[in-house]
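*Asks:*
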Amino acid sequence: MDLKNIGWDPFFEDHLKQIKNKTKYDYDFLVGRVSAVHTNLCQVLTGGGEITAQVSGKMRDKINNETISPNGETPESAFPAVGDWVMMIHDQQHNSGMIRMILPRKTKFSRNAAGATSQEQVIAANIDYAFIVAALNADFNPSRIERYLVTTWNSGAVPVILLNKADLCPEVDAKIVEMEKTAVGVSVHAISAAQGEGLEQLSPYLQNGRTAVFIGSSGAGKSTIINRLLGRDIIKVVETSDYKDKGRHTTTSREMYLLEGGGIVIDTPGMRELQLWEGEQGLSETFDDIEQLSAQCRFGDCRHQEEPGCAVKSALESGEIDRIRYKNYLKLQRELKHQEMRNNAKVRMEQSKRWKNIAKTRRHLNKDSTIR
Numbered sequence: 001m002d003l004k005n006i007g008w009d010p011f012f013e014d015h016l017k018q019i020k021n022k023t024k025y026d027y028d029f030l031v032g033r034v035s036a037v038h039t040n041l042c043q044v045l046t047g048g049g050e051i052t053a054q055v056s057g058k059m060r061d062k063i064n065n066e067t068i069s070p071n072g073e074t075p076e077s078a079f080p081a082v083g084d085w086v087m088m089i090h091d092q093q094h095n096s097g098m099i100r101m102i103l104p105r106k107t108k109f110s111r112n113a114a115g116a117t118s119q120e121q122v123i124a125a126n127i128d129y130a131f132i133v134a135a136l137n138a139d140f141n142p143s144r145i146e147r148y149l150v151t152t153w154n155s156g157a158v159p160v161i162l163l164n165k166a167d168l169c170p171e172v173d174a175k176i177v178e179m180e181k182t183a184v185g186v187s188v189h190a191i192s193a194a195q196g197e198g199l200e201q202l203s204p205y206l207q208n209g210r211t212a213v214f215i216g217s218s219g220a221g222k223s224t225i226i227n228r229l230l231g232r233d234i235i236k237v238v239e240t241s242d243y244k245d246k247g248r249h250t251t252t253s254r255e256m257y258l259l260e261g262g263g264i265v266i267d268t269p270g271m272r273e274l275q276l277w278e279g280e281q282g283l284s285e286t287f288d289d290i291e292q293l294s295a296q297c298r299f300g301d302c303r304h305q306e307e308p309g310c311a312v313k314s315a316l317e318s319g320e321i322d323r324i325r326y327k328n329y330l331k332l333q334r335e336l337k338h339q340e341m342r343n344n345a346k347v348r349m350e351q352s353k354r355w356k357n358i359a360k361t362r363r364h365l366n367k368d369s370t371i372r
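Sequential numbering of the sequence shown, starting at 1, is according to full-length UniProt numbering.
#1: Would you say Phe29 and Arg100 are within 8 Å of each other, going by their C-beta atoms?
#2: Could you tell me the distance, in whole angstroms, from the CA atom of Ser35 to the CA atom of Asn5?
#3: Checking 8 Å against the spacing of the C-beta atoms, do Met179 and Pro142 come in under that value?
#4: Under the rule that 16 or more other beta-carbon atoms within 10 Å means buried, what is Asn227, buried or exposed?
#5: Count the other CB atoms within 10 Å of the CB of His249; is the residue buried (16 or more) or exposed (fewer)?
#6: How long is the line joining the alpha carbons of Tyr326 and Asp233, rounded to whole angstroms?
#7: So Gln292 is in the alpha helix (DSSP H); what residue range does that whole segment cover?
#8: Is it right to say Tyr243 is buried, meaning 16 or more other beta carbons lie within 10 angstroms of its own, or is it exposed?
#9: State yes or no: is the beta carbon of Thr52 nearer than 8 Å to at least one beta carbon in chain B?
#10: In angstroms, rounded to a whole number, what distance separates the CA positions of Asp14 and Pro104?
#11: Assuming Gly282 and Val160 form a contact by the criterion Cβ under 8 Å, report the distance between their Cβ atoms to the nearest whole angstrom.
#12: Skipping 5 residues on each side, what residues in its chain have a beta carbon closer than 6 Å to that of Cys310?
#13: Rounded to whole angstroms, what is the Cα-Cα separation between Gly57 and Ala166?
#14: If you run the structure through DSSP and keep just helix, strand and coil, what is residue 384?
#15: Using a Cβ distance threshold of 8 Å, determine whether the stretch 123-135 contacts the stretch 213-232, with at least three qualifying pairs required.
Below, the structure is given as structure tokens:
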């Protein structure tokens, strides 16, 4: 298998050379790309085929002992994710690998993991496109798409919106226009995975070596689309009721698949909630129209409320900016600021805990030396 067919490019080649030049090892590493992550094991695609690998104890200890890694990642996100390129020691006898290092990520789609704690969860790494899938049914919600757009733009990937189940919607053109107003500058395509219609529109994005992740709410049809692209039912899809609005899939983990045409796709479980991890840049990209108007306000610290000369307030009154869109902008902005405060507080707390442990260890060492 040619590594270029599964996404290898000069970016990773350069980083691999840098690592080899800086660090001298007595053995050769096998390079591969993570196609699936299980509890303690990873499936990794290599030039010689797929192997099963696990994170080495040394790498695991290093991750767990580091509060925050040099690239700003929390320990959980420093473990391999689907799409990562890894360096492994290859056990040829058992055709297995021991992962020693993750190559730097070119892009990553992350969210704040579900739960009370603040923890980055990497959904997919090294992706070129993020297909945001929304069903044209009663659950159609452009405001929800804005949340996905913020995260996608911040990931470094290019967002593409797929409006699925177009065969069930009598107002497809109107929905496309509505979505284009919400996602300014983002490509929007109406398709029907069930009928196999419109999928040819995805071909330009799925060229040889290009990687696309499918994201969206449960039941939007992500797995059905991928099955169509693969030409066979690889991912199990369960129809719980009438096709209209009720089809759902049983995807519980993220997994990567290779298309015959050379593209790479990643399936993900439906997200009931997409909590933002970070996304200041993504917010600016998603709401570029509002941000540009903000720059025209008379005062640099304008809050767009009662201040005179507020360009945003004028645009709201004239209808140039949709009020629902603006409210969602403020909501996401507040959420990002809150998340930033949580992350900063967590860093301070973990650093304090780390230094206390170091001080405790030193006291024990000094005590032992005094006794001797």
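Even for Gly, the Cβ is constructed at its ideal location relative to N, Cα and C.
*Replies:* In brief:
#1: yes
#2: 13 Å
#3: yes
#4: buried
#5: Per-residue confidence for His249 stands at a pLDDT of 46, beneath the threshold of 50, marking its modelled position as unreliable; no derived number is given.
#6: 41 Å
#7: Asp288 to Ser294
#8: Caution is warranted here: a pLDDT of 49 is assigned to Tyr243, below 50, making its placement in the model unreliable, and the coordinate value is therefore given only provisionally. When all chains shown are included, Tyr243 counts as exposed.
#9: Absent here is chain B; the protein component of the structure consists of one chain.
#10: 10 Å
#11: The Cβ separation is near 15 Å, so there is no contact.
#12: Cys297, Cys302 and His304
#13: 49 Å
#14: Since the first residue shown for the chain is 1 and the last is 372, residue 384 is missing from the structure and cannot be characterised.
#15: yes
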